[in-house]
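S.K.: At position 66 of the sequence shown (counting the first as 1) the number is 453 in the numbering used here, and the numbers step up by one without a gap.
We treat Cβ as the ideally placed atom computed from N, Cα and C, and that holds for glycine.
As the structure is a prediction and not an experimental result, all values here were calculated from the model.
Handing you a structure now.
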Amino acid sequence: MDRHDVLYEDEIPGGKHWSFTVRRGTVLRLIDREGGANVGMLFYNPQNPLERYNAPDTLKCQHTFKLTAGHCLYSDMGRIFCSIIEDTAGWHDTVCGNSTKALVAERWGQKSYQEHRNDWTLNGHDSFLVEAAKYGLGRRDLAANVNWFSKVRTEEDGTMVFDPSAAKAGAHVDLRFEMDTLVLFHTCPHPLNPAAEYPRKPITYQLRKADPVAEDDFCKNSRPENGRGFANNHLYHLCGC
């Protein structure tokens, strides 16, 4: 990606949260600047927030446990929020959920904003609630989230194991948005992160204009289900939505 293509860029420190609406035809690039970052993310239809990211459908219709290039992220209406068009990390978790206040306090200790200011220990669950409230959403509107840059594998007995060495400095993932999407995200630790100290890994995000989706598009054709998902999006936009 040429630097001149970047329409907007910002950095989010570790242990923080943010949100915005990404328009159809936009690419959002996430960059793990130092290595070891985790970006928890949720997606909603800004015109109808009842439509939101569906992790089970995303995984089962693409016959996968992880997310990487070629995969699409589905809503619970069978439409595609975004497609992963480029990925140098290679593995992103979407089954382990979020850190909570209790988990963070037990593993890294509780640090309040009143005492520690910007060094307080935020958690993913509460971070999502803060961002969701800006759009009239609440606890019942949260769903299973993506954890970008976090690799979790399974042992033979089904035990899930976090791989702290998987997230490399400079790794990036590009999300091409196929419909207008409300994006909530945080940079709080993954719930399985075994780090001795509360991880504060920053990320950079960039926005640029996407190229038109071609007939031979990799994401569109990587699974037959994805072709049907793009057809659902086409009908949605054909109706003026």
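1. If you pair each beta-carbon of the segment 407-416 with each one of the segment 560-571, do three or more pairs fall below 8 Å?
2. Give a yes or no on whether 8 Å exceeds the smallest Cβ distance from residue 481 to chain C.
3. According to the neighbour-count rule (16 or more other Cβ atoms, all chains shown, within 10 Å of its Cβ), is residue 532 buried or exposed?
4. I need the straight-line Cα distance from residue 546 to residue 579, nearest angstrom please.
5. Please name the residue, chosen from 460, 553, 392, 426, that lies closest to residue 406 on a Cα-to-Cα basis.
6. For residue 582, tell me which candidate among 467, 552, 428, 480 has the shortest Cα-Cα distance.
7. Given residue 610, which residues of its chain have a CB within under 6 Å of its CB, disregarding the five upstream and five downstream residues?
8. Out of curiosity, what's the CA-to-CA distance linking residue 508 and residue 490?
9. Looking at residue 478: is its Cβ nearer than 8 Å to the Cβ of residue 453?
10. Based on the DSSP output, what are the partners of residue 408 in its beta bridges?
11. Going by C-alpha to C-alpha distance, which of 596, 613, 592, 595 sits closest to residue 603?
12. Tell me the rounded alpha-carbon separation between residue 536 and residue 501.
13. Is it buried or exposed, residue 419, if we count other Cβ atoms within 10 angstroms and call 16 or more buried?
14. Would you mind working out which of 572, 392, 557, 468 sits nearest residue 485, comparing C-alpha positions?
15. Give, in chain order, every unbroken run of the beta strand (DSSP E) that is at least 3 residues long and sits entirely within the segment 538-617.
16. DSSP three-state call for residue 421: helix, strand or coil?
17. If you draw a straight line from the C-alpha of residue 399 to the C-alpha of residue 435, how long is it?
18. What residues match up with residue 399 in a beta bridge as DSSP calls it?
M.R.: According to the structure data:
1. yes
2. Note that chain C does not occur in the displayed structure, where there is just one protein chain.
3. Locating residue 532 in the sequence shown gives position 145, counting from the first residue. Label assigned to residue 532: buried.
4. Taking the first residue of the sequence shown as 1, we reach residue 546 at position 159. Taking the first residue of the sequence shown as 1, we reach residue 579 at position 192. So the alpha carbons of these two residues sit roughly 12 Å apart.
5. On the sequence shown, residue 406 is found 19 positions in, with the first residue counted as 1. Checking every option, the nearest Cα to that of residue 406 belongs to 426.
6. Residue numbering aside, residue 582 sits at position 195 when the sequence shown is read from its first letter. Minimum Cα distance to residue 582 is reached at 552.
7. Numbered from its first residue, the sequence shown carries residue 610 at position 223. Within the same chain, and ignoring the five residues on either side of residue 610 in sequence, the residues whose Cβ sits closer than 6 Å to its Cβ are 449.
8. Taking the first residue of the sequence shown as 1, we reach residue 508 at position 121. Taking the first residue of the sequence shown as 1, we reach residue 490 at position 103. So the alpha carbons of these two residues sit roughly 11 Å apart.
9. The count along the sequence shown starts at 1 and reaches residue 478 at position 91. The count along the sequence shown starts at 1 and reaches residue 453 at position 66. Closer than 8 Å, so yes.
10. Counting from one through the sequence shown, the residue named residue 408 turns up at place 21. In the DSSP output, where bridge partners are listed per residue, residue 408 has 569.
11. Start at 1 with the first residue of the sequence shown, and residue 603 comes out as number 216. Comparing Cα positions, the closest option is 613.
12. Locating residue 536 in the sequence shown gives position 149, counting from the first residue. Locating residue 501 in the sequence shown gives position 114, counting from the first residue. Their backbone Cα atoms lie some 31 Å apart in a straight line.
13. Here the question's residue 419 lines up with position 32 in the sequence shown. It counts as buried.
14. What you label residue 485 is simply residue 98 of the sequence shown in a count that begins at 1. Of the candidates 572, 392, 557, 468, the one whose C-alpha sits nearest the C-alpha of residue 485 is 572.
15. Taking 3 residues as the minimum length, the beta strand (DSSP E) runs contained wholly in the segment 538-617 are 539-541, 547-549, 558-564, 568-573, 590-596, in order along the chain.
16. On the sequence shown, residue 421 is found 34 positions in, with the first residue counted as 1. Correct three-state label for residue 421: coil.
17. In the sequence shown, residue 399 corresponds to position 12, counting from 1. In the sequence shown, residue 435 corresponds to position 48, counting from 1. For residue 399 and residue 435, the distance between alpha carbons rounds to 27 Å.
18. Here residue 399 is taken as the residue at index 12 of the sequence shown, counted from 1. DSSP output for residue 399 lists 590 as bridge partner(s).
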